[in-house]
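Be aware that the sequence shown starts at 11, since it is given in the numbering used here, and climbs by one per residue.
Input: a single structure, listed below in structure tokens.
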Amino acid sequence: MMVPVLRRMLLVSLLLGLAACSPPGSVQPASMRQGAVVFGGGDRLHVRIAETQPERAAGLMSVMALAPDDGMAFVFDGPVTDRFWMKDTLIPLSVAFVAGNGRIISESDMDPCTADPCPTYPASGPYTMAIEANLGWFHEHGVRVGSKARLEGPDG
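As structure tokens, this is what we get:
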């Protein structure tokens with residue numbers, strides 16, 4: 011009779027220990043909206059939509075892997091010129107900056123960084139959305155400067 015109770019206690023302790031050791035930010039908040047970015051050629055990138063300052067600040071930090079056609083869209087209320095960086099981001103990413111007219115104005119490939127300070131990646135001008143994807147995704151899908159990009163919500 012005591013063995014099952016001890017096993018349960020051990021299992022609960024192990025699970026709590028694993029949860030405590032999980033890196034922060036490795037799971038995005040459940041409240042974060044999902045959607046897709048549709049590019050001029052019809053390619054779709056499934057994205058988590060970061061539209062609040064805390065969501066944008068966390069970005070894809072501590073995420074260990076993305077599915078091949080997954081990424082993140084950083085949405086801003088108006089044009090910004092903020093630089094992106096990869097502090098505590100574990101996977102290489104590509105970023106595309108989208109101007110208010112829905113066209114990509116610049117792209118960069120970004121390397122993981124745990125040092126301080128990390129390199130920063132600027133856009134070539136003001137933008138209203140930045141899209142992060144696995145390294146090389148934009149190139150592989152023919153998405154380049156001048157391509158159109160449109161954000162769709164979960165219901166299309």
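Where a beta carbon is used, it is the ideal one built from N, C-alpha and C, also for glycine.
Once the 5 residues before and after residue i are set aside, which same chain residues still bring their CB inside 6 Å of it?
| i | result |
| --- | --- |
| Trp95 | Cys128 and Thr130 |
| Gly163 | Gly45 |
| Val153 | Phe49 |
Determine the DSSP secondary structure at residue i, reduced to helix, strand or coil.
| i | result |
| --- | --- |
| Arg66 | helix |
| Glu150 | helix |
| Arg93 | coil |
Looking only at its chain, what residues have a beta carbon closer than 7 Å to the beta carbon of residue i, apart from the 5 residues adjacent to it on each side?
| i | result |
| --- | --- |
| Gly50 | Ser157 and Lys158 |
| Val155 | Ile114, Ile115, Ser116 and Glu117 |
Among the residues of its own chain, which have a CB less than 8 Å from the CB of residue i, if the five just before and after it don't count?
| i | result |
| --- | --- |
| Lys97 | Met71, Cys123, Thr124, Asp126 and Cys128 |
| His149 | Ser104 |
Give the C-beta separation of residue i and residue j to the nearest angstrom, bearing in mind that I take them to be a contact with Cβ-Cβ under 8 Å.
| i | j | result |
| --- | --- | --- |
| Asp79 | Arg54 | 7 Å |
| Ile115 | Ala143 | The Cβ separation is near 16 Å, so there is no contact. |
| Met120 | Pro102 | 7 Å |
Check your understanding: Within the chosen definition, does the segment 72–87 reach the segment 55–62 through at least 3 CB pairs nearer than 8 Å?
Key -> These segments touch.
Practice item. Give a yes or no on contact between the segment 89–106 and the segment 139–147, applying the rule of three or more CB pairs nearer than 8 Å. Key: yes
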